[in-house]
Every structure is written in structure tokens, then in C-alpha cells.
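Quick note on numbering: the sequence shown equals residues -25 to -1, 1 to 266 in mature numbering (1 follows the signal peptide of the UniProt record, and there is no 0).
Virtual Cβ for every residue (Gly too), placed ideally from N, Cα, C.
Input: a single structure, listed below in C-alpha cells.
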Amino acid sequence: MAFSNIVKLATLYLAVCALLHKTDAEEVYDVGDDFGWAIPLGDPLFYDAWASLHYFEVGDILSFNFTNGEQDVARVTKEAYLNCNTTNPISVNKTSPANFTLDAVGDYYFTSTLDKHCLKGQKLAINVPGPREPFNYTVGGTLGWVVPLTGEGAYEAWAYDKLFLIGDSIVFYYKNGTQDVAVVTKEAYEKCETNNTVAIYTTSPTRIILNTIGEHFFTSTYKDHCALGQKLAINVTVNNSGATALSPEEALSPTNLGPSASTNAPATSSTSKVFCGYMVTILSMGLGFFI
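Structure follows, in C-alpha cells:
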């Protein structure tokens, strides 16, 4: 019985390890969503509009769904795409779902080889951008880092349309002696509790390098500033340029936090996703179930 439990627990351990060591999974995009891959009647720009709503990266997969025998998918050159010339396609797939992996940066062009399908709008052009250089974001834009007159929504609106990647920096501009910048946990952010911060900056401009993926939370320790909306939450994702994410311990060091930072390492920090914690939790649950 004990041996059986060990085997089960070992299996669970291996499954968790595989999950932990798996790199960011590719995204699978159903081309055209529910409409699928067909002639877009009355809307020749349908697939252009669909593509504009998505951000494609190397490793993502395009899935073309159609009725077998009525459609096909041809990858073509840019010239062939523009002229709807399908006499010499790069590749043709006649079986649905036709999956295509975006294995490199650059432009990709697709259409159908069936008569006049391309001319009627059954064509798709997408771009997979290369890695960009690290970017410096000025928090709040021209507003800077202050108590916003419009309340909490000001910094939420500022961050809404921005893509924060590993290696980017956020810069807080404020008047010294009237503001500060506090790095806090998610719980402290939501409750506006600043008694136990991760780090505090008191000198403007405060530049913080984003070295860890996941959610990051900022506010001010000045009285009522957080409650009045001086708070910022952002999510950081991986930069395909190869910039390396630091471990939670490295990221919390004064060197990597930025200039003029005082740190108070909390017992736990929800700003960093320590995946081993997942492992311990899952294994504990498994142990209680199997034994």
C-alpha cells in the first residue's frame, strides 16, 4: 500500500515538474473565430479586421477550420497575395483543421486556391514582429505620479493599452518630499495597506526595471494617497528578445529594484509567482488524497 502511494505521488511529482519546466505555451488562433475559413460574404476586409485584433508571436499556431472539399488553405508570397495569383503556392492544405505554426518573425500570407475565393476576400495577411528593445514608460504620462483628480481609474486607464515586457522600465516623476513610490503585494494594493512594503523609493525620477513576469503593484505611503487613487497595477510578460527574467530573490535586491530603494522583504510576496509554491500545494493535496 505504501509503495503504491509512493508511485502515485511520484507520478504526480513528474506531472507537476513537467508543468513547471514548460515554457510559455503557444497560442492557438482559430482563423475567423466562429466564422471559420470561408468567403466572407459582403465583407472583403473581414480577415484583415480579424487579424488586427490579435498579437501574433513566434510559436503561435493558426488553425483554419472549413468544410473539407469546399475549401483549402494556401500559403503564398506577398506578390501572389496582392494579385490573387494561386498558380504557384508555397503550400496547400485541403484537410480541416489545417494548422500552421508561425515559426519565424515576418509576414505570412494565406488564401484559397479555389476559383475567385481570393478575389472575394478569402485571404489573410499577418505579421509576427521581432523582439523589440526595452522601453521606458513614464507612469501616468504627462500627469506624472500624483493623487489623480479623477480617482483610481486614472492609472488603470494609463496602463490599459500598454504591453509591459521583461527588461522594460517604468519611471515615476513626482515632487520630492510630497510623494513616494511603494512596491507592495497584491493584498496590500487592494486594501491600501502600506505598513509592510516590498520597497520604497523617495527620490524622483524613480526608475524601476521590470525583471520578473507577473503582476506588479505600486502605490504611495503618504496618508490617503492610495485610497484617493494613487496606485498602479501592471502585468509583465516575456520579451522574445531573450531578456532574462530574474528570480524573485534577485529581483528584490536593491540593485535590481532601482535607485534609492529601501527594501522590506515580506514573508510572502504575491508580486512574484514562485512556482515551487504550486508544487508544494499540489503535492500536499495529492499526499492527503492517496495516503
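I think residue i touches residue j, with their Cβ atoms under 8 Å apart; what is that distance to the nearest whole Å?
{"i": "Val159", "j": "Trp120", "result": "Rounded, the Cβ-Cβ distance is 15 Å, inconsistent with contact."}
{"i": "Ile101", "j": "Thr76", "result": "Incorrect: roughly 13 Å between the Cβ atoms, too far for contact."}
{"i": "Thr187", "j": "Val211", "result": "7 Å"}
{"i": "Tyr164", "j": "Lys198", "result": "Going by Cβ atoms, the distance from Tyr164 to Lys198 rounds to 17 Å, so no, they are not a contact pair."}
{"i": "Gly152", "j": "Trp133", "result": "The Cβ separation is near 24 Å, so there is no contact."}
{"i": "Ile183", "j": "Phe139", "result": "Not quite, the Cβ-Cβ distance comes to about 11 Å (not below 8 Å), so this is no contact."}
{"i": "Asp9", "j": "Trp25", "result": "Not confirmed; about 11 Å, so no contact."}
{"i": "Lys53", "j": "Asp82", "result": "6 Å"}
Report all residues from its chain with a CB closer than 6 Å to the CB of residue i; omit the five preceding and five following residues, and keep chain order.
{"i": "Thr169", "result": "Ala157, Thr196"}
{"i": "Phe39", "result": "Val6, Trp12, Val48, Ala73"}
{"i": "Pro15", "result": "Phe21, Gly96"}
{"i": "Ser71", "result": "Asn40, Phe41, Asn43"}
Under the DSSP definition of a beta bridge, which residues are partnered with residue i?
{"i": "Phe193", "result": "Val158, Leu207"}
{"i": "Ala100", "result": "Tyr84"}
{"i": "Tyr112", "result": "Ile145"}
{"i": "Ser66", "result": "Arg50"}
{"i": "Val3", "result": "Ile36"}
{"i": "Leu151", "result": "Sequence check: residue 151 is Asn here, not Leu. Paired residues: Gln154."}
{"i": "Asn43", "result": "Gln46"}
{"i": "Ala73", "result": "Phe39"}
{"i": "Ala26", "result": "Answer by DSSP bridge pairing: none, since Ala26 is not bridged."}
{"i": "Phe139", "result": "Val211"}
{"i": "Ala129", "result": "Note: Ala129 sits in no beta bridge, so no partner."}
{"i": "Tyr56", "result": "None; Tyr56 has no bridge partner."}
{"i": "Val182", "result": "The question names Val, but residue 182 is Arg in the sequence shown. Bridge partners of Arg182: Val146."}
Ordered along the chain, which non-local residues of its own chain (more than five positions away) have a Cβ less than 7 Å from that of residue i?
{"i": "Ala13", "result": "Phe41, Gln46, Gln97"}
{"i": "Cys93", "result": "Cys59, Thr61, Thr86, Ser87"}
{"i": "Asn111", "result": "Ser144, Val146"}
{"i": "Ala202", "result": "Cys167"}
{"i": "Glu1", "result": "Gly34, Asp35, Ile36"}
{"i": "Lys137", "result": "Tyr112"}
{"i": "Val80", "result": "Val33, Val103, Pro104, Gly105"}
{"i": "Leu118", "result": "Ala129"}
{"i": "Tyr148", "result": "Thr113, Gly119, Trp120, Ser179, Pro180"}
Closest by CA to residue i, which one among the options?
{"i": "Pro64", "options": "Glu165, Tyr84, Asn210, Asn74", "result": "Tyr84"}
{"i": "Ala174", "options": "Glu32, Phe192, Trp133, Lys198", "result": "Phe192"}
{"i": "Tyr89", "options": "Gly44, Gly17, Tyr148", "result": "Sequence inspection shows Leu at residue 89; the Tyr mentioned does not correspond to that position. Selected option, being the one with the closest Cα: Gly44."}
{"i": "Leu99", "options": "Ile209, Ser27, Thr177, Asn210", "result": "Ser27"}
{"i": "Lys69", "options": "Asp8, Arg50, Asp9", "result": "Arg50"}
{"i": "Glu162", "options": "Leu185, Glu190, Thr177", "result": "Glu190"}
If we count the other Cβ atoms within 10 Å of its Cβ and call it buried at 16 or more, is residue i buried or exposed?
{"i": "Gly204", "result": "buried"}
{"i": "Tyr56", "result": "buried"}
{"i": "Thr181", "result": "buried"}
{"i": "Lys91", "result": "exposed"}
{"i": "Val3", "result": "exposed"}
{"i": "Leu20", "result": "exposed"}
{"i": "Pro123", "result": "buried"}
{"i": "Tyr135", "result": "exposed"}
{"i": "Gly128", "result": "exposed"}
{"i": "Pro104", "result": "exposed"}
{"i": "Thr125", "result": "exposed"}
{"i": "His200", "result": "buried"}
{"i": "Thr172", "result": "buried"}
{"i": "Tyr30", "result": "exposed"}
{"i": "Ser66", "result": "exposed"}
Just to confirm my understanding: we take residue i, look at its own chain, exclude 5 residues before and 5 after, and list those with CB closer than 8 Å. What are they?
{"i": "Lys150", "result": "Ser179"}
So does residue i have its beta carbon nearer than 7 Å to some heavy atom of the ligand COA?
{"i": "Pro180", "result": "You won't find the ligand COA in this model; it holds no ligand whatsoever."}
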